[in-house]
Amino acid sequence: MVCATHGGHLPHDVETIVAEADEANFPGDHLGIMPITTPNRAPNSLAAVRAGVRQIPGHLERIGERCGHAANLCSRIPTLRHEAGVSHRFETGSESKMATLLTVSAR
506 MVCATHGGHL
516 PHDVETIVAE
526 ADEANFPGDH
536 LGIMPITTPN
546 RAPNSLAAVR
556 AGVRQIPGHL
566 ERIGERCGHA
576 ANLCSRIPTL
586 RHEAGVSHRF
596 ETGSESKMAT
606 LLTVSAR
């Protein structure tokens, strides 16, 4: 898990750090990011995904153990599902599960 919990990294920094960790032969399916929610830092999780991360801890609309972290799964899951360069690396569920996510997010 690459931790960016002090909020001082910009997305290009996170992408570089994750790419270096990936090149150091960390198993790709185990490489993850733990970004903190800080003003303008939410894009760090997506930068990490572009660089090879496969795990992002998250929350559902600020509910859950990771509610202080940047990855609101109600927005990240659809992004990962439809982002051309990374969608093949993630299991995001069926269309009906996506509809359920929309319902959860709307509440």
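Throughout, my numbering is defined as the position within the sequence shown, counted from one, plus 505. Note that beta-carbon positions come from the ideal geometry of N, C-alpha and C, so glycine has one too. Quick caveat, the model's predicted, so the values are computed rather than measured.
| C-beta atoms of residue 515 and residue 527 nearer than 8 Å | For the purposes of this step, residue 515 is taken as residue 10 along the sequence shown, with counting starting at 1. For the purposes of this step, residue 527 is taken as residue 22 along the sequence shown, with counting starting at 1. Result no, Cβ atoms of residue 515 and residue 527 do not sit closer than 8 Å.
| query | Looking only at C-alpha atoms, which of 601, 594, 608 sits nearest to residue 566? | reply | Locating residue 566 in the sequence shown gives position 61, where the first residue counts as 1. Of 601, 594, 608, the residue nearest in Cα terms is 608.
| field | Continuous alpha helix (DSSP H) stretch holding residue 603: start and end | value | Indexing the sequence shown from 1 puts residue 603 at position 98. Where residue 603 is concerned, the enclosing alpha helix (DSSP H) stretches over 600-611.
| request: Go ahead and pull the three-state DSSP assignment for residue 507. | output: Translated into the one-based positions of the sequence shown, residue 507 becomes position 2. The DSSP-derived three-state label of residue 507 is strand.
| query | Hey, out of 555, 561, 591, 529, whose CA is closest to residue 517's CA? | reply | Taking the sequence shown and counting its residues from 1, one reaches residue 517 at position 12. Nearest C-alpha to residue 517: 555.
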